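Residue numbers (this note's numbering), protein chains in the order written: chain A, 3 to 214; chain B, 9 to 341.
Below is one structure, written out as structure tokens; comments come after it.
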């Protein structure tokens with residue numbers, strides 16, 4: 003199975019649509035432990051991304067991802083702008099000049115994205131952030147590929163791990179970001195960043211399922 | 009929500025337009041990306057000092073752009089960090105060949121957005137140094153939080169570091185002085201009422217008429233405790249106590265004392281609180297060498313106040329006294 007530039011474009015369009023649908027839900031999660039702007043900020047960013055896509059549609063996958071990254075950095079603000087922006091920029095660097103990606107190229111791009119988020123956020127697992135959704139998903143994806151699963155099966159396992167990761171943020175004590183000011187009061191709330199990461203993982207699975 | 013606005017999404021831009029008109033002798037405003045810059049920028053041969061953050065804290069930071077203080081300020085949406093494009097453009101606009109200092113308040117979003125801008129500016133060959141303010145003693149500074157928030161010290165640091173840059177100090181020296189102000193400064197605030205973010209339309213938090221929040225953040229983040237309303241004497245003790253213990257400030261110290269209004273508190277109450285602070289410090293053998301009283305780092309229409317103390321030495325006193333001419337602070341020129 004090969005992933006082409008058009009699939010990357012479809013993926014981002016799907017993410018933009020889902021963010022719009024889930025905007026109020028994401029903001030509501032954020033109002034409990036953050037500053038009530040996660041859905042609004044992401045929606046503003048991905049709406050701008052949609053307007054930029056036509057100008058890069060014929061470019062290589064790396065250029066498309068980098069354009070998405072810089073647009074998110076320029077429009078989202080807060081912490082999620084630099085974090086998701088860096089993720090797309092790093093994935094774009096890992097796929098520079100490529101018009102097609104094999105399954106293992108996709109895994110490498112996702113690993114680069116995760117590493118970018120960890121570096122930018124100076125964060126690691128267990129701190130009640132988007133990393134708690136993305137890291138288990140990347141692990142599951144790699145393990146499934148190593149055991150010989152095809153990409154669709156591996157992506158399904160990744161999304162399942164991502165869902166578990168999001169649930170696991172509920173009882174966690176936040177130690178990064180604005181939620182950490184709440185201390186013990188952050189316990190019992192699902193992390194909004196982890197939730198938007200799951201939304202993206204699900205969109206990626208849908209696109210991969212559509213290719214096969 | 010009762011506010012003097014047209015539409016929530018236009019508040020920042022329309023306020024910037026007003027500032028540009030009101031202070032055209034001191035500043036210029038650039039739009040998309042948005043930043044406020046000294047009218048005579050870039051000043052050749054001078055270190056540029058820029059800051060930025062969410063809007064809603066006026067006059068910080070835009071009101072401090074001018075001679076002897078900031079070269080530029082980047083306003084984000086209300087209570088939302090500005091984006092790297094703004095800081096990068098502002099860094100370019102103030103770069104006079106001696107490098108640029110970024111003054112950043114310690115909030116996760118602000119720190120990351122400034123970091124990205126600093127990396128991009130460095131890639132263009134502009135030398136950038138950063139100082140992150142984290143003076144709010146209400147927050148535990150531990151591995152288990154994002155660290156202390158940057159609050160009142162930011163205003164004093166911008167004045168003092170700006171004076172050092174104006175006097176011709178190099179980037180390393182301006183950064184050293186800025187770090188000294190942050191290291192020797194501590195703050196704590198309190199709220200009597202909440203604030204309403206224009207696009208949210210309702211108060212950020214609920215506070216009953218007979219209660220107050222001690223240790224409040226400048227975005228309405230929760231503080232240390234919520235308690236029954238008390239007298240000004242008691243409130244002053246609740247704010248000054250943790251500040252004095254933390255550095256600690258000791259008998260024989262001379263300080264710069266800053267009594268700040270949160271936006272909805274009249275000056276008469278701020279002077280009343282200054283009187284309380286003065287009494288407390290006198291009792292501890294601490295001398296107020298310099299002072300600032302007024303609403304300089306605000307939280308929209310929140311009622312309440314904060315105390316900031318910075319331990320002074322000859323160097324910081326001389327830089328504090330240096331001439332400054334900005335929309336919000338002016339003396340000596």
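Just so you know, even glycine gets a beta-carbon here, dropped at the ideal spot from N, CA and C.
These figures come from a predicted structure and were not determined experimentally.
Contacts that residue i makes with chain E (C-beta to C-beta distance below 8 Å)
| i | result |
| --- | --- |
| residue 97 of chain A | Checking the listed chains, one finds no chain E in this structure; the protein chains it contains are A and B. |
Cutoff 6 Å; reference residue i; Cβ partners in own chain excluding five residues on either side
| i | result |
| --- | --- |
| residue 57 of chain B | 78, 79, 109, 169, 170, 173 |
| residue 178 of chain A | 125, 129, 131 |
| residue 45 of chain B | 36, 80, 101 |
| residue 73 of chain A | 50, 51, 54 |
| residue 93 of chain A | 67, 111, 114, 115 |
| residue 340 of chain B | 331 |
Per-residue DSSP class, three states only, for residue i
| i | result |
| --- | --- |
| residue 134 of chain B | coil |
| residue 254 of chain B | helix |
| residue 198 of chain B | strand |
| residue 9 of chain B | coil |
| residue 48 of chain B | coil |
| residue 221 of chain B | strand |
| residue 46 of chain A | helix |
| residue 70 of chain A | helix |
| residue 189 of chain A | coil |
| residue 36 of chain B | strand |
| residue 109 of chain B | strand |
| residue 153 of chain B | coil |
| residue 165 of chain B | helix |
| residue 58 of chain A | helix |
| residue 39 of chain A | coil |
| residue 144 of chain B | strand |
| residue 115 of chain B | coil |
| residue 159 of chain B | coil |
| residue 129 of chain A | coil |
| residue 143 of chain A | helix |
Residue i vs residue j beta-carbon contact at 8 Å
| i | j | result |
| --- | --- | --- |
| residue 264 of chain B | residue 320 of chain B | yes |
| residue 228 of chain B | residue 314 of chain B | no |
| residue 196 of chain B | residue 145 of chain B | yes |
| residue 211 of chain A | residue 168 of chain A | no |
| residue 13 of chain A | residue 132 of chain A | no |
| residue 82 of chain B | residue 95 of chain B | yes |
| residue 88 of chain A | residue 130 of chain A | no |
| residue 201 of chain A | residue 20 of chain A | yes |
| residue 212 of chain B | residue 223 of chain B | no |
| residue 59 of chain B | residue 166 of chain B | yes |
| residue 127 of chain A | residue 36 of chain A | no |
| residue 182 of chain A | residue 153 of chain B | yes |
| residue 113 of chain B | residue 141 of chain B | yes |
| residue 146 of chain A | residue 159 of chain A | yes |
| residue 269 of chain B | residue 302 of chain B | yes |
| residue 193 of chain A | residue 163 of chain A | no |
| residue 166 of chain A | residue 138 of chain A | yes |
| residue 136 of chain B | residue 155 of chain B | no |
| residue 97 of chain B | residue 41 of chain B | yes |
Cutoff 8 Å; reference residue i; Cβ partners in own chain excluding five residues on either side
| i | result |
| --- | --- |
| residue 49 of chain A | 18, 22 |
| residue 100 of chain A | 62, 63, 64, 107 |
| residue 30 of chain B | 335 |
| residue 259 of chain B | 292, 293, 294 |
| residue 122 of chain A | 84, 85, 88 |
| residue 164 of chain B | 189, 193, 264, 266, 300, 316, 318, 328 |
Boundaries (first-last residue) of the beta strand (DSSP E) holding residue i
| i | result |
| --- | --- |
| residue 58 of chain B | 56-63 |
| residue 313 of chain B | 312-319 |
Cβ shell of residue i (< 7 Å), same chain only, five flanking positions each side left out
| i | result |
| --- | --- |
| residue 85 of chain B | 20, 62, 63 |
| residue 231 of chain A | Outside the displayed range of chain A (3 to 214) lies residue 231 of chain A, so it cannot be described from this structure. |
| residue 10 of chain B | none |
| residue 69 of chain A | 54, 58 |
| residue 26 of chain A | 41 |
| residue 218 of chain B | 236, 237 |
| residue 18 of chain B | none |
| residue 248 of chain B | 285, 288, 315 |
| residue 217 of chain A | The structure shown has nothing for residue 217 of chain A, since chain A only spans 3 to 214. |
Boundaries (first-last residue) of the alpha helix (DSSP H) holding residue i
| i | result |
| --- | --- |
| residue 235 of chain B | Run containing residue 235 of chain B: none in the alpha helix (DSSP H); it sits in the beta strand (DSSP E), 233-236. |
| residue 161 of chain A | 153-170 |
| residue 204 of chain A | 194-213 |
| residue 22 of chain A | 7-35 |
| residue 120 of chain A | 105-123 |
| residue 90 of chain A | 82-96 |
| residue 20 of chain B | 19-30 |
Cβ-heavy atom distance, residue i to the ligand MN, below 7 Å
| i | result |
| --- | --- |
| residue 80 of chain A | Within the structure as shown, the ligand MN is missing, as the structure has no ligands at all. |
Which runs of the beta strand (DSSP E), 3 residues or longer, sit entirely within the segment 66-92 of chain B? 80-86
Only counting runs of 3 or more residues, tell me where the beta strand (DSSP E) segments fall wholly within the segment 168-213 of chain B, in order along the chain. 193-199
Start-end ranges of the beta strand (DSSP E) lying completely within the segment 266-337 of chain B, minimum 3 residues: 295-302, 312-319
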